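Asks:
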Amino acid sequence: TGDWRLATGAEWLEIAVADTGPGIPPEDHERIFLEFQQAQTTGEAGKPEGTGLGLALAKKFVELHGGRIWVRSDVGRGSIFTFTLPMRGIPSPAIPHTV
Numbered sequence: 002t003g004d005w006r007l008a009t010g011a012e013w014l015e016i017a018v019a020d021t022g023p024g025i026p027p028e029d030h031e032r033i034f035l036e037f038q039q040a041q042t043t044g045e046a047g048k049p050e051g052t053g054l055g056l057a058l059a060k061k062f063v064e065l066h067g068g069r070i071w072v073r074s075d076v077g078r079g080s081i082f083t084f085t086l087p088m089r090g091i092p093s094p095a096i097p098h099t100v
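Positions in the sequence shown are counted from 1; adding 1 to them yields our numbering.
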């Protein structure tokens, strides 16, 4: 199961996604954002899950937009993945024009 949170400020948008999975050991917190790397946890079948590309791509996209991404995790309790994006350059809602 999981949950998410959205927070905004004058200059930043912050999104956090939490899960109740197995958690990620502290020594893997940086490594999981590298291509083809995974945490040293296993899925229900006893094998690592995924390809190790999702978080690496997320990090690249976030950084290309001037943001940052990180994880906080407790082994056995779950993880919280958080990323921030700058608000600059985000267009205001469009105002309809009459023709």
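Where a beta carbon is used, it is the ideal one built from N, C-alpha and C, also for glycine. What you are looking at is a predicted structure, and each value in this text was computed from that prediction instead of being measured.
1) Helix, strand or coil: which one does DSSP assign to residue 23?
2) Using a 10 Å radius around the Cβ and a threshold of 16 neighbouring Cβ atoms, would you call residue 24 buried or exposed?
3) Throw me the rounded Cβ distance for the residue 73 and residue 81 pair, which I believe falls under 8 Å.
4) Any idea if residue 61 is buried or exposed, counting beta-carbon neighbours within 10 angstroms, 16 or more meaning buried?
5) When the distance is taken between beta carbons, is residue 17 closer than 7 Å to residue 3?
6) Restricting to Cα atoms, I'd like to know which of 89, 57 and 88 is closest to residue 32.
7) Which residues mark the beginning and the end of the beta strand (DSSP E) in which residue 8 is found?
8) From 75, 83, 67 and 85, pick the residue whose C-alpha is nearest to that of residue 28; which is it?
9) Work out the CA separation of residue 77 and residue 84 for me, nearest whole Å.
10) Got a sec, what are the start and stop residues for the alpha helix (DSSP H) residue 79 sits in?
Replies: Taking the definition as stated:
1) coil
2) buried
3) 5 Å
4) exposed
5) no
6) 57
7) 3-9
8) 75
9) 22 Å
10) Note, residue 79: premise wrong, no alpha helix (DSSP H); beta strand (DSSP E) at 79-87.
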